[in-house]
Amino acid sequence: MLVSVRSIEEALLAATGGADFIDLKEPVNGALGGLPVATIRAIVRALRSQGIGLPVSATIGDLPMHDLPRILAQVQAVGACGVDYVKAGIERHPGAPGVLNALAGSGWPVVPVFIADRGLDARLLEHACALPFPALMLDTADKRASSLFDAVPLARLQGAIAQARAAGRLLGLAGALRAAHAPLLHELQPDFAGFRSAVCVAGRTAALCPQRLAALAALLHNTSQ
């Protein structure tokens, strides 16, 4: 269970509320909206000072595929904050393979996040599986339209998970996922699933709700509250 947070307070709430991964982003700025590097650094420091050793990822922001220098500069800046993983969005774009090659050679533990609103590019995923990324992720950009399960057929998601595992990569799912998707997630068994809207009071830009967080954690972990 990966939970996206935007502040120290939210990170500590998620860490003590059942999250297995802490993901740092600013939801107001888009699907992979980035936080200021100073905020990322402060959140990592706060978690570690509390003895919380959960894996921490952070996004580089919604950057265009054609601006590779800016992408790599942001990967460097975010990676230097002490996070365990740096998340970078990958769109269906002619330059995407080159971006993946550059990210794989960046020297940082990058997790490519494939934006799948228009479906999943099988060749692009295959290309990524051949590169030394620690994990891959599937997500959607438009959180209001539908979920990942509406954008990508279940059989295709099953195939992507199998493909990543065959290559020795972790694979995570996200994209407007809700508590109602728990049965599908249990069926697919991805390595992790990302949430924001499902654990907020009223939409992904609102504050985290401790009750929703606890309920979702219990549901995903198959425990009683």
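For the sequence shown, our numbering begins at 4 and goes up steadily by one.
The beta carbon of each residue, even a glycine, is placed where N, CA and C say it ideally should be.
Since the model is a prediction, treat every value here as computed from it, not as a measurement.
Self-check item: Element boundaries [beta strand (DSSP E), containing alanine 138]
Solution: Bounds of the beta strand (DSSP E) holding alanine 138 are 138-142.
Quiz prompt | Short Cβ contact (8 Å threshold) for leucine 35 with glycine 82 | solution = For the 8 Å CB-CB criterion, leucine 35 and glycine 82 do not form a contact.
Exercise. Count the other C-beta atoms from every protein chain shown that fall within 10 angstroms of the C-beta of proline 72, then say buried if there are 16 or more, exposed otherwise.
Key: Proline 72 should be labelled exposed.
Self-check item: Collapsed DSSP secondary structure at valine 204 in the structure displayed
Solution: Coil.
Quiz prompt | the region 50-58 in contact with the region 10-26 per 3-pair CB rule at 8 Å | solution = Contact annotation: the region 50-58 touches the region 10-26, with at least three C-beta pairs closer than 8 Å.
Quiz item: With which residues is isoleucine 93 paired in a DSSP beta bridge?
Solution: As DSSP reads the structure, isoleucine 93 sits in a beta bridge with Phe117.
Quiz item: Assuming valine 89 contacts valine 78 under a Cβ cut-off of 8 Å, what Cβ separation, rounded to an integer in Å, is found between them?
Solution: Their Cβ separation, rounded to whole angstroms, is 5 Å, which keeps valine 89 and valine 78 in contact under 8 Å.
Exercise. Can you tell me which of the three DSSP states valine 6 falls into?
Key: Looking at valine 6 - three-state DSSP - the assignment turns out to be strand.
Exercise. Starting from the N-terminal side, write out each stretch of the beta strand (DSSP E) that is 3 residues or longer and does not extend beyond the region 167-214.
Key: You should have 173-176 and 195-198.
Practice problem: Verify the contact flag: alanine 210, CB atom, against every heavy atom of the ligand MG, threshold strictly below 7 Å. | Solution: Inclusion of the ligand MG in the displayed structure is not the case, the ligand content being empty and no account of it being possible.
Quiz item: Looking at alanine 196 and valine 204, is the spacing between their C-beta atoms short of 8 Å?
Solution: Contact flag unset, no.
Quiz prompt | Residue from Ile25, Val40 and Val116 whose Cα sits closest to the Cα of cysteine 84 | solution = Residue Val40 is the option with its Cα nearest to cysteine 84.
Quiz item: At what residue ranges does the region 59-94 contain a whole run of the alpha helix (DSSP H), taking only runs of 4 or more?
Solution: DSSP runs (the alpha helix (DSSP H)) wholly in the region 59-94: 71-82.
Quiz prompt | Reduced DSSP secondary structure (H/G/I, E/B, other) of leucine 27 | solution = Under the three-state reduction of DSSP, leucine 27 is assigned to strand.
Quiz prompt | Per-residue burial, glycine 175 [other beta carbons within 10 Å of its own, 16 or more giving buried] | solution = So glycine 175 ends up on the buried side.
Quiz prompt | serine 227, buried or exposed, once every other Cβ within 10 Å from all chains shown has been counted against 16 | solution = Any reading at serine 227 must be qualified, since the residue scores a pLDDT of 40, below 50, and its modelled position is unreliable; the value itself is stated next. Taking all protein chains shown into account, serine 227 has fewer than 16 neighbouring C-beta atoms within 10 Å of its C-beta and is therefore exposed.
Self-check item: Status (buried if at least 16 other CB within 10 Å, exposed otherwise) for proline 186
Solution: Per the 10 Å Cβ criterion, exposed.
Quiz item: For glycine 108, is the classification buried or exposed, using 16 other Cβ atoms within 10 angstroms of its Cβ as the cut-off for buried?
Solution: With fewer than 16 Cβ atoms within 10 Å of its Cβ, glycine 108 is classed as exposed.
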